[in-house]
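The structure under discussion appears below in the form of structure tokens.
Protein chains: 2
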Amino acid sequence: MIAKKMKEMVKNSSAIRAMFEEGTKMASLYGKEQVYDFSLGNPNVPAPASVKKVIIDLVSEEDPKELHGYTNSNSGYQEVRETVADSLNRRFGTSFSGKNIIMTVGAAGGLNVILKTILDPLDEVIVFCPYFGEYRSYVSNFDGVLVEVSADTNTFQPNLEEFEKKITAKTKAIILNTPNNPSGVVYPECVIRKISELLVRKQKEFGTDIYLISDEPYREIVYDGVEVPFLTQYYDNTIVVYSYSKSLSLPGERIGYLVIPEEVSQCDLVLAAANVANRILGFVNAPTLLQKVVERCIEEQTDVAYYDRNRHTLYEGLTKLGFECVKPEGAFYLFLKSPIPDEKEFCECAKKYHILMVPGSSFSCPGYVRLAYCVSYETILRSLPEFKKLAEEYF
Amino acid sequence: MIAKKMKEMVKNSSAIRAMFEEGTKMASLYGKEQVYDFSLGNPNVPAPASVKKVIIDLVSEEDPKELHGYTNSNSGYQEVRETVADSLNRRFGTSFSGKNIIMTVGAAGGLNVILKTILDPLDEVIVFCPYFGEYRSYVSNFDGVLVEVSADTNTFQPNLEEFEKKITAKTKAIILNTPNNPSGVVYPECVIRKISELLVRKQKEFGTDIYLISDEPYREIVYDGVEVPFLTQYYDNTIVVYSYSKSLSLPGERIGYLVIPEEVSQCDLVLAAANVANRILGFVNAPTLLQKVVERCIEEQTDVAYYDRNRHTLYEGLTKLGFECVKPEGAFYLFLKSPIPDEKEFCECAKKYHILMVPGSSFSCPGYVRLAYCVSYETILRSLPEFKKLAEEYF
């Protein structure tokens, strides 16, 4: 007697998650070393050493009633919010204050909070294929309508012509994810400028507010010196969603934040509503110990070089075998063209060699598969001979 | 341009929260010692000392990639879930296994997960006045209809006659909260039996499933040896929502669990859907470090004697002054009858003496006010002369 909506959800339950659970099963059958699990974005780079030290310091120094208590505001500790604002200001030349920051239960929490805040039923939210499949569920949670812009599979850059056509009077938000999951592509400044100009024009045309939601958990994970434009600098109605899952390797701890800049129209109302949404969705506040970890580790960085070596080795290895793929510039995903149109069959076939990949259909981009290369370097090396066997089935 | 639903929510934003923020402001104006803030259930008893030790042990001993990584299942670490199940089985003679437990982001997270799992739009959820006002928002999140059973202000026990009348073919769930927030009353076994019998009968009559959701964050906080019946023992379609916010004084850390017993109809489907709901609502998984803290601190208890002394002193003090109140048997709330019908005016008047209390209207029970006595004993002692001045305005 579960909800009708949930029946569908259970049926189509996350392919990524199913893979991850399958990977664990395979590992127990064949040994962890003999399974090449590229299914989930669970970082193999450990959290910076200072995270451990800071946690020990915090529980040793602070009054547990304060450290583990409800925060005064549902938006988080004031001093943590100010630290986040200051850090962003230093890095991106912005001028946020603590009030513009809401600490959240990761980016998934942040996205749900902001969508709850802005979406009326049947409001449209535009996404660019390929995109993180969970956006479908998040938008559906608030009875929004997801509008897909089809993929440009040559570059995996946003298809701006189609985008323009899909903006309507019902468009409430765009979700942009750069560096992109699953393609690894970074949208350059010229693309961001075009998107912004388009949105400014369409806002005027329809007399509406269109929010640009920048989902950027991979902001710092970029290679070859590529620059990631900071979107609030380009478009006023931008809301930033961030997570420390990848940048501090803390995905299980559920800590991130929202930025709602002063330039957002009716900023104070949006902030107040997001504060309430954070509470009534059941998050209440972002986990308090982790908020304080963020405060003290604000300048820490993950080991991007580790991911970069993985990227090079996997990209070179796979393209040499005959596979095709746009070289990723950020995040830790590689979006491989399936050698056959039915990429699900390709994924099934790969399992024979204990290789786990996620079908592109999960990202509304069939014909491709996603490899999360946030695994150990040894896994990459050991997987290549197995990919060779897989390639021989097709080329 | 925020959502219409959220506009209302912002307007009626939690009176409890507003009070809490006001309390902090007053404290900075008059000094913390001169403010008697009974507004929020933020425990003044610190977390057990072992929590600190366990956190240090965990970050020192465990691989950070495992400790802070995504859990294999969105429902949590398997070994944590088994530890919770075993502990419940030992204490209540149940026979849960790890699969029946879903670790959640506190009880607020657990309630949202289970309501998302079961509620279709316009499904009815019955609550007994007075009740935790957040239930309104949680039910509204999924377009359910909250049906209130009016308070029996003589005893604050459920009004069973009215309850029976309010059960319809659209009733999907009952939320029961015992020990109760805000009344502090515990529902005895005879009441639980009557509720169960009624529900069994109504399920048959309507051919429906009616879920009894037992929200029990105060389960262990009881006085005078009062017994709290464990509801899965009385009614098959019972789902338990639990939080460690009060029992381990960790409200900021957001850790709790759901129990979905085998006896629940279509248990496996409900479990699968709740697992998905936990993911798509943006919780993803309960914070991982705290899951492991729960595993190692499963037998820890909070200092109930501390709250008991507060209870006695405050209850005796207030009743001697002429105030009326049902003596609480559990939780750390006291539900005082307002000496004037408009309890909001009474709360405003109390602020003159730096006393903060929450109007009963927040709990759909006007004419009463809630005092959270999870404050320091010294605050209770210092507040009594101020309550005396307040009493003199009325008696």
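Protein chains in written order, with this note's numbering: chain U, 1145 to 1539; chain P, 1145 to 1539. From the three backbone atoms N, C-alpha and C, an ideal C-beta is built for every residue, glycine too.
Query, Result
"For P/Cys1518, three-class secondary structure by DSSP", "coil"
"Contact set for U/Tyr1342: own chain, Cβ-Cβ below 8 Å, skip 5 residues either direction", "This sequence places Leu at residue 1342 of chain U; Tyr is not what is there. Here the set comprises Leu1304, Phe1307, Glu1308 and Ile1311."
"Where U/Asn1139 meets chain P, residues with beta-carbon distance less than 8 Å", "Lying before the first or after the last residue shown, residue 1139 of chain U is absent from chain U, which here runs from 1145 to 1539."
"Residue-chain proximity (P/Leu1184, chain U), Cβ-Cβ < 8 Å", "yes"
"U/Tyr1386 to U/Asp1447 span [Cα, whole Å]", "18 Å"
"Residue burial classification, P/Ser1281 (beta-carbon count within 10 angstroms, cutoff 16)", "buried"
"C-beta neighbour in chain U for P/His1212, strict 8 Å", "yes"
"Per-residue DSSP class, three states only, for P/Gly1474", "strand"
"Under 9 Å (Cβ pairs) to chain P, residues found in the segment 1303–1335 of chain U", "Lys1316"
"7 Å Cβ cut-off: residues of chain U touching P/Gln1410", "Met1145"
"Among U/Leu1392, U/Ser1340, U/Leu1356 and U/Pro1302, the one whose alpha carbon lies nearest that of U/Ile1365", "U/Leu1392"
"Per-residue contacts from P/Asp1353 into chain U (C-beta, under 7 Å)", "Met1145"
"Chain U residues whose Cβ lies nearer than 9 Å to that of P/Gly1461", "Residues of chain U passing the Cβ test: none, with the nearest at roughly 24 Å."
"contact_flag[the segment 1457–1473 of chain P, the segment 1481–1492 of chain P] where n(CB pairs < 8 Å) is 3 or more", "yes"
"8 Å Cβ cutoff, P/Arg1398 in contact with chain U", "yes"
"Neighbouring residues, chain P, relative to U/Ala1252 (Cβ below 7 Å)", "Gly1426 and Val1428"
"Assigned secondary structure, U/Cys1411 (DSSP; H/G/I helix, E/B strand, else coil)", "helix"
"8 Å Cβ shell around U/Pro1431 - same chain, five flanking residues per side excluded", "Val1249, Glu1397, Arg1398 and Ile1399"
"Within 8 Å, strictly: CB atoms of U/Cys1384 and U/Thr1376", "As written in the sequence, residue 1384 of chain U is Val, which differs from the Cys given in the question. Going by C-beta atoms, U/Val1384 is nearer than 8 Å to U/Thr1376."
"Given U/Ser1195 as reference, the closest of P/Val1189, P/Pro1208, P/Ser1194 and P/Leu1184 once Cα atoms are compared", "Residue identity differs from the one stated: residue 1195 of chain U is Val in this sequence, not Ser. Answer by Cα proximity: P/Pro1208."
"Below-8 Å beta-carbon distance, U/Arg1345 vs any chain P residue", "no"
"Short Cβ contact (8 Å threshold) for U/Ser1508 with U/Asn1188", "no"
"P/Ala1317: first and last residue of the uninterrupted alpha helix (DSSP H) it sits in", "Run containing P/Ala1317: none in the alpha helix (DSSP H); it sits in the beta strand (DSSP E), Thr1315 to Leu1320."
"Euclidean distance between Cα positions of P/Met1153 and P/Gln1178", "32 Å"
"At least 3 beta-carbon pairs within less than 8 Å: the segment 1513–1533 of chain U vs the segment 1198–1215 of chain U", "no"
"Residues bridged to U/Met1247 [DSSP beta-bridge criterion]", "U/Tyr1401"
"Contact with chain P by U/Leu1394, beta-carbon distance below 8 Å", "yes"
"CB contact below 8 Å: P/Val1203 versus chain U", "yes"
"Beta-carbon spacing of U/Leu1500, U/Tyr1180 below 8 Å", "yes"
"Members of the segment 1235–1252 of chain P that neighbour chain U once the beta carbon cut-off is set at 7 Å", "Val1249, Gly1250 and Ala1252"
"Listed by chain order, chain P residues near U/Glu1278 by CB distance under 8 Å", "Arg1423 and Ile1424"
"Limits of the beta strand (DSSP E) - the one that U/Glu1289 falls within", "Just to set this straight, residue 1289 of chain U is Val in the shown sequence, not Glu. Residues Val1289 to Val1293."
"Length-filtered (4 minimum) alpha helix (DSSP H) runs lying within the segment 1233–1282 of chain P", "1250–1262"
"Delimiting residues of the alpha helix (DSSP H) encompassing P/Ile1199", "Ala1193 to Glu1205"
"U/Leu1184 CB to nearest heavy atom of the ligand SAH below 7 Å", "What this structure holds is no ligand at all, so the ligand SAH is not there to describe."
"C-alpha distance - P/Ile1160 paired with P/Pro1326, whole-angstrom precision", "12 Å"
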